[in-house]
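Protein chains: 4
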Amino acid sequence: MTGSSFGTLFRVATFGESHGPAIGVVIDGCPADFTLDIEHINRELERRRPGQSPLVTQRKESDEFELLSGIFEGKTTGAPLAFLIRNQDVRSKDYESIRDLFRPGHADFTYYAKYGHRDYRGGGRSSARETASRVIAGAVAKQLLAAAGISFLGGVVQIGAVCAGSYQWDQVEQNELRCVDPQKVDAMRGEIEAARKLRDSVGGIVEVQAHGVMPGLGEPVFARLDALIGGAMFSIPAVKGVEIGAGFSSAAMHGSAMHDEMFTDGFHTNNHGGVLGGLSSGAPIVVRAVVKPTASIAREQRTLNRDLAAAGIETKGRHDPCVAIRAVPVCEAMLALVLIDVLLQHQAALGMRGFYSSPQSIQYGMAKDLTDGC
Amino acid sequence: MTGSSFGTLFRVATFGESHGPAIGVVIDGCPADFTLDIEHINRELERRRPGQSPLVTQRKESDEFELLSGIFEGKTTGAPLAFLIRNQDVRSKDYESIRDLFRPGHADFTYYAKYGHRDYRGGGRSSARETASRVIAGAVAKQLLAAAGISFLGGVVQIGAVCAGSYQWDQVEQNELRCVDPQKVDAMRGEIEAARKLRDSVGGIVEVQAHGVMPGLGEPVFARLDALIGGAMFSIPAVKGVEIGAGFSSAAMHGSAMHDEMFTDGFHTNNHGGVLGGLSSGAPIVVRAVVKPTASIAREQRTLNRDLAAAGIETKGRHDPCVAIRAVPVCEAMLALVLIDVLLQHQAALGMRGFYSSPQSIQYGMAKDLTDGC
Amino acid sequence: MTGSSFGTLFRVATFGESHGPAIGVVIDGCPADFTLDIEHINRELERRRPGQSPLVTQRKESDEFELLSGIFEGKTTGAPLAFLIRNQDVRSKDYESIRDLFRPGHADFTYYAKYGHRDYRGGGRSSARETASRVIAGAVAKQLLAAAGISFLGGVVQIGAVCAGSYQWDQVEQNELRCVDPQKVDAMRGEIEAARKLRDSVGGIVEVQAHGVMPGLGEPVFARLDALIGGAMFSIPAVKGVEIGAGFSSAAMHGSAMHDEMFTDGFHTNNHGGVLGGLSSGAPIVVRAVVKPTASIAREQRTLNRDLAAAGIETKGRHDPCVAIRAVPVCEAMLALVLIDVLLQHQAALGMRGFYSSPQSIQYGMAKDLTDGC
Amino acid sequence: MTGSSFGTLFRVATFGESHGPAIGVVIDGCPADFTLDIEHINRELERRRPGQSPLVTQRKESDEFELLSGIFEGKTTGAPLAFLIRNQDVRSKDYESIRDLFRPGHADFTYYAKYGHRDYRGGGRSSARETASRVIAGAVAKQLLAAAGISFLGGVVQIGAVCAGSYQWDQVEQNELRCVDPQKVDAMRGEIEAARKLRDSVGGIVEVQAHGVMPGLGEPVFARLDALIGGAMFSIPAVKGVEIGAGFSSAAMHGSAMHDEMFTDGFHTNNHGGVLGGLSSGAPIVVRAVVKPTASIAREQRTLNRDLAAAGIETKGRHDPCVAIRAVPVCEAMLALVLIDVLLQHQAALGMRGFYSSPQSIQYGMAKDLTDGC
C-alpha cells in the first residue's frame, strides 16, 4: 500500500502526479543545524530537467521548488523538510486518446489492474516526473555526505550498441549525453538519432560511483549495502538490471581473478565495486544500471483497451528518445539516499560504542582512483 | 544496526552464525489456520544442503530443524513460527589460521571495520549457512503462494563461459548442476573441474521464475516489485548483479522491440520479465542473478592482517568450487518472500475496497509459457 | 530521527511549523477508487479550528487546505494524498521575546537540547498547529472506516475538578465545551473562567469511542490494539495519561467485577473498553486521555535562558485556557488512524486465508450501547 | 500481521507460546564489542519468575535460557542475539476444559475471532510467559544504558485500594510485594489475601523510573518519547492505563502549578515526569501503569463457547492473585527497550552533526532526586 517512502533514519516520502497540481517530497530525519545550499539543489534539478538539449524531451517542466518547512535562518531544524514543485506546461489533452488504452512498456495496464481507477494523464504517479523529487532529496543527502567526505560521479557508459571505451569523468558534464568517453559521444548520438528517425527509442547504461565511503557501512543479511543499492536502483523507472563492480562479468571469472587482494596502500583492483560481505570496503562504490528504451514511442503498436479488447496505439507527446541521459542524476540521488541512511546508522552504533569502548575508524580504500570500462 | 529481518507483513528474521550453537529463523505474520507441510520444508532445505554431489562442498551440515512455535495441531496459529537448526560438523580449528587475516573476497575485513570484534569462524554471520534459514522461510511462503496459484522455477543458466542454449525446466533437478539445458551440463561441469584443478573457483548465473502471479502486485515508486526483487536478490551472499526480463540486453534494443505488445490471448513476449511500471503484469516474473566465484580458494593470495600489515593466505576448509548451484533454492526463496509480502498487501487493499466497491481481479498473462536463453 | 510518520499500511506523514510557510500531510496507502468527501474533511478541521468560541484561543488560523495529489475525477487513485495548508495570521514578532528563553511546560528547552538550532516562533514544529494535519488524515480514515461500519464519538468528560456525571453524546457538539454532560457545562465553564482570571490555564480529560469495530483487530504483543492506541494518544501534545475501559480504576477492583462476562446477546459491561488480549472484542473502544493545562500562561514564571542562566518569563500571544476542548477531534483522529491501519492488516490476513480456507467473520459486541462516567 | 517485534535500531522480536516447546527472543541491532553480563540477565529473569513468594503463582517455570548467537569470546559481535528458553512444568491437561470456552477477561475470544484456530493451552501466545523474553531483552538494554549512565527503579505503588504513602526505593526488593512503601506492605498484602479468599484477584499500579537520561531523547510528533513509552507499557498484558509525571491528576491542576519551572540547579519539581514536548528533559522519567486484576479466577463466571452458546466457567490452574507484583520487571524492561532505541537514534544524529559542527551535550536534570506518591 505504501511504497512512496524510502529509508530508515533519513526518510524520504514523495508525492504527486505528472499532471496534478504539484509534486513534492518530505524528508524526515535530516540532522539539525546544517546550512542547506539551496543553489546546489537547483543545480542538481537542472541536470535532470527536460529540454536541456536536442537529445532529450522538449517538454518544459518548471522545476522551481518551494521549501515549506524544516529550515530556520538558513539552517535545518531537524523537523521534516518539505519541498513543493508546482506542475506547469501540462498538456493533459495529449493524453485523452490513451484514457482507455494500455501503452506497451508503460504502467498503464498494471496500475489499472491494481487500482481499478487511474490518473492516465502523462503516466500520473508512474511518470518519471516523480524523480525530480528524488533529485531534491538526493541533493540534500549529497550535501550532508560531502561534509563526511563522500562524493559522487555519474555518467552514461552505453547507448544502444555503443559502449564507452575509456572513462574521463571530468568530461561527463561537457557533453549533452553525459557520456564518460568523449570519443564515443558521436557514435552514441548516432544511436539516438537512428532510433528517433524510426520514431523509436533506445536503451542505455548509467554508471554511478561514490568515493570516500568509509569501510563498514551497511547492515548484514537483508540490509546489505548492495541489497539497499540494488533495490534503490531498481526503484528508478525503466531500470531493468543493476550490477555492482564486475557484476555480470564475474560469472565467467575465476575466483583468483575476481577477488581483489589487499595491499598496504589499498586495493589495486575493484571487482567487488566497493562492497564486500554486504558492507562498504573503502573502495569506491561502483554501480551500473541499465535503462530500457523509452516506453513512449510514436510507432504504432498493438495493445488492448480497458475492456481487454484489441486496439492500436501511437504514443504522442514529447518524449526522450533515450532516457538514460536524464537518469544519471536520478541514479546518483538514489545512491546518495542509501548512503546517508547507512552512514546515520553507522553513527548510531559508533556513538553507542563510545560509551563503553573506543571504537576506531579504519581508513582503507583504493591505492589510486579507478577508471573502468563497460 | 538491524539488517536481519525482511518484509513488512510477512516478516522474516534470521539469526545465528556458522560455528555458533545454532541458526534459525522467526516468521512473524504467517496467516493462521494454514496446514504447514513440514516435509516440503525439508525437501527445500535438501536442495540447498552441502554434500549433494561431487561438485559442491563436502562439508556435512545437518539441516534438521525444530519448529518451536506458531503451530498447533498441525496448523498455523498466526503467532510467530520459530525454526531452529543446531550446528554440527563444526571444525572451528580450520579457521584458527585466519583469526587475524582478511580473506580476499570475504566479509572478514569489512566486518572487522564495522564491528571491531568478530566471530571469524567459518564466516560467522556472513557465512552462506545463514541462507538455510531463508530457505525455510521461503518454503513456508511458497506453500502459501501455491494456495494462491503461484509456482516457482529455478535453475543455473551459466557457469563460467558456458551459457544455457535452451530451457528445459523439467530437467533442472535431474542434473547435479541444476542446469536448465541438459546439453550444456557437460561443458559447465568442465568449467567447474577446470577451476577446481587450479584450486580456484568459478562464477555462474541463476535464473528464477514465478508463474501464476496476478497483475497488480507491488507498490509504486520505492517499493516497486522490481525494487523489492532486486534488493532481495542482492541480499544473497556473492550476488553481484541482478536483471529482470531482457535486463542488460535492453540497453542495445529499440523500444519497438523491447516493449511487449498486448494481445487478447496475453503477452506474446516477456522482455519486461513480468514487471511493468513496478507492478506485476501477469506474465511470469523472470529474474537472473550473477553469483561471483566462491571467495574461498586454496590458492595463495596477498592480503592484510588486522594490523593492516601485509600477509599471505590460502583458505583451507571445504568449499564449493561454484556456489551458483546451491544458490538456486536461495534465489527462489527470496523471490517467494517478496511475493508473499506484496500479495498480502494486495489483499489488504482489495479487502478494504470491498467495503465500498466491487474490485475485480483482472486475469492476464502470457499467451503461452516462456522459454528463454541467456 | 524520523518521528513524523505514523502507521504501517495507511501511512501518514506530517510536516510544517507553526510560523513557517505551510503545514501539511501526506497519506500513503489510501485504498484506490474511494470517493473522498472534501466537505467532511473541512467539517472535521472546523471542529479543531481556533476562534470558535470565547473559551478557546482567538488566534485566527486559516485551515483551508489544498489537495495536491492522489485524487482523480473525485476518487482516490491509490497514490499518496498530499494536503497543504498555508499559514496565515502569523505574528512571529510575538515570539521575539522568547527567542532565547525556555518556556516552562513547553518543548523549548528539550528541542534546544536535541537540535542545537530551533525555530522558536510559536513553538515551531512542536506547536499544536501540527494537529490540523492529523485531523485531515483522520477524516480520510474516518470516511473509509465508515464504509466498514465504524463510527466515532468524542467529548470532554472533565475540566479542572468537574467531572461529567452522565453521558449524552448527542449533546456534545451543542455546547462550546464539547462536554458530554450538559448539566456540567456551566461548572466546567466556571473552571475555565476561574483559571483565565488568574491568567492561568486548566487541564481536562477527553473521552473518545469507536463503535462498530469488529472483533479481532490489532496484533498480539507489541502491536496490541491498546498499545497502538496508547501510543497514538500520547503522541498528542499535552497528553500526560491514557486509559482504556475501566483504566486506573481497575487497580482497586476485583477480577470478578472487572472481567466482563459474555452473554449470547453480547457484553453487558465494558470494563475492558473494547480491547481484550490486545485485540478488539466487538464492544465499543473507549479511551480517555488527560490533557495537561495549557503550557502558555500569562503569569510570570522562573526559567532559564539558552545560556542556562536564570530568567523570568510571561508568555504572550493568544492561547486556549483549556486545550482539552480542541483536543477532542485530534483524539478521534488518532484513534481513526490506528483503526484504519489495523483494519487493513486484518483484511490482508483474511484475504490470504481466503485462498485456502473460508475465514468467517464473527459478529459480537455490546448487548446495548454504553454510557459511562469518569 | 506482525506485532511481535519492537524497536527501530535495537529491534527485539519474541516468539513462543506458553505450552509449546520453547519461548525466545531475538535482538537485532545490539552494538558490537560489548561484554554481556549473563548473570545480570539471570537476576532480572529471577525477579519475574513465578513461585518467588506465597503471593504469586506457584507454577514452576524454568527460565534458564540458552544464548544461541551474536556473542563470541564473551562479547557481542553486532549479529543478532538469540535467546531460547525451553518450556517445562507444562500441565496442558489443565486447559482441556477450556478448549472450547472463552474465559472472561482473557484473550480467548478475541484470538479465536482473529485467527479461527488457536492454541488454547495456557493462553498460548497471549500468556504472560511471553514477558520473560522481554525481560531478557530489557536486561541487555539496561546493561548498555548503564554504560551511558542510565539506571532504573521500579516498584508497586498501589494494590487494591491501598496506595503507597512514601517512596523508599531501597526497600522495594526487600518485600515480597515490591512495594515502595514498607509501611503499606501489610495493608497491601491484606488486599491480596482478601481477594484470594474469595477465589478472586485484585489490581494494582506499578511505577517505573529511569534516572540519568540526558535531555533531548525521543523524536517529535508520532515518536514522542511519551508516545513510545505509552505504547510500550500498554503492550504489557493486563495494563489498562498509563500516566507520565502528574498524569491524570494534571486534569485538575492549573498551569502555574503543573508546569515545572527551571532553575540553575535543575528542576525542583517533576510534574512533567521527565518528558517535555515529547523529548526527555533530563529529569527522571516517571511512568505509572495500572495492571488489571488477574483474568484467571476460580469463581464461576458466565461466558460463551465457540458456538457462541452460553456456558459457565471456572478457571483452574495456578495463577497470581495480583499480577502487578511480577509486572514490575516487565515495565522496567519495556522502558529500557524504549530508551536504548531513542538513545541509539540520538547518537546517529549527534555523530552526523559531528561532521559539520560541534554539537554540545547539555547537562540538566533534577536539583535533587524525586520521591513521590500516588
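Which chain is which? The protein sequence lines are A, B, C and D, in order.
According to the working numbering, the first sequence is numbered sequentially starting from 1070.
According to the working numbering, the second sequence is numbered sequentially starting from 1070.
According to the working numbering, the third sequence is numbered sequentially starting from 1070.
According to the working numbering, the fourth sequence is numbered sequentially starting from 1070.
Where is the CB? At the ideal position from N, CA and C, for every residue including glycine.
Of B:1289, B:1288 and B:1303, the smallest CA-CA separation from residue 1289 of chain A is found for B:1303.
The beta carbon of residue 1075 of chain D sits closer than 7 Å to the beta carbons of 1081 and 1406 from its chain, once the five residues preceding and following it are set aside; these are given in chain order. At least one CB of chain D lies nearer than 8 Å to the CB of residue 1311 of chain C. In this structure, DSSP gives residue 1211 of chain D a helical state, which the three-state scheme calls helix. Residue 1255 of chain D is classed as exposed because its beta carbon has fewer than 16 other beta carbons within 10 Å across all chains shown.
When CB distances to chain B are screened at a threshold of 9 Å, the residues of the segment 1098-1111 of chain C falling below it are 1098, 1100, 1101, 1102, 1103 and 1104, in chain order. Residue 1147 of chain C and residue 1090 of chain B have their C-alpha atoms roughly 47 Å apart. Listed as beta-bridge partners of residue 1373 of chain D by DSSP are D:1379.
When 8 Å is used as the limit between beta carbons, residue 1216 of chain C is near these residues of chain B: 1424 and 1425, in chain order.
Judged by DSSP in its simplified three-state form, residue 1248 of chain A adopts strand. For residue 1077 of chain B, the neighbours in chain C by C-beta distance under 9 Å run, in chain order, 1077 and 1078.
Put simply, the backbone Cα of residue 1429 of chain B is about 52 Å away from that of residue 1117 of chain D. Residue contact check for residue 1295 of chain C against chain D: a CB pair falls below 8 Å. Segment contact: the segment 1353-1365 of chain B against the segment 1204-1223 of chain A, fewer than three CB-CB distances shorter than 8 Å; contact not assigned.
Contact between residue 1294 of chain A and residue 1176 of chain B is ruled out by a C-beta separation of about 11 Å, above the 8 Å threshold.
The beta carbon of residue 1290 of chain A falls within 8 Å of a beta carbon belonging to chain B, placing the residue at that interface. For residue 1180 of chain A, a Cβ of chain B is located within less than 8 Å of the residue's own Cβ.
Proximity of residue 1194 of chain A to chain B, defined by a Cβ-Cβ separation below 8 Å, is satisfied. Two segments are said to touch when three or more pairs of C-beta atoms, one from each, lie closer than 8 Å; by this definition the segment 1272-1286 of chain B does not touch the segment 1273-1285 of chain A. With respect to chain B, the C-beta atom of residue 1132 of chain D has no partner C-beta closer than 8 Å. Between residue 1172 of chain A and residue 1100 of chain D, the gap from beta carbon to beta carbon reaches 8 Å or more. At a cut-off of 8 Å between C-beta atoms, residue 1368 of chain B counts as an interface residue with respect to chain A.
Residue 1179 of chain D carries a helical assignment under DSSP once its states are collapsed to helix, strand and coil.
Looking only at A:1370, A:1284 and A:1424, the smallest Cα-Cα distance to residue 1332 of chain B is reached by A:1370. In terms of Cα proximity to residue 1229 of chain D, the closest of D:1183, D:1140 and D:1260 is D:1260. Counting C-beta pairs closer than 8 Å gives three or more between the segment 1314-1326 of chain C and the segment 1308-1315 of chain D, which meets the contact rule. The segment 1391-1400 of chain D makes no contact with the segment 1382-1394 of chain A; the number of CB pairs closer than 8 Å stays below 3. For residue 1198 of chain C, no Cβ of chain A is located within less than 8 Å of the residue's own Cβ.
Rounded to whole angstroms, the gap between the alpha carbons of residue 1108 of chain B and residue 1133 of chain B is 11 Å.
Under the Cβ distance rule, residue 1323 of chain A counts among the residues neighbouring chain B, one pair being separated by less than 8 Å.
Nearest to residue 1264 of chain A by C-alpha distance, out of B:1122, B:1382 and B:1323, is B:1323.
Counting every other CB atom within 10 Å of its CB across the protein chains shown gives residue 1157 of chain B a total below 16, marking it as exposed.
At a cut-off of 8 Å between beta carbons, residue 1210 of chain D makes no contact with chain A.
Per DSSP, residue 1109 of chain C is one residue of the alpha helix (DSSP H) stretching across 1107-1117.
Looking at the DSSP output, residue 1324 of chain C sits in no beta bridge, so it has no partner there.
Shown here, residue 1082 of chain C sits in a strand according to DSSP, grouped into three states.
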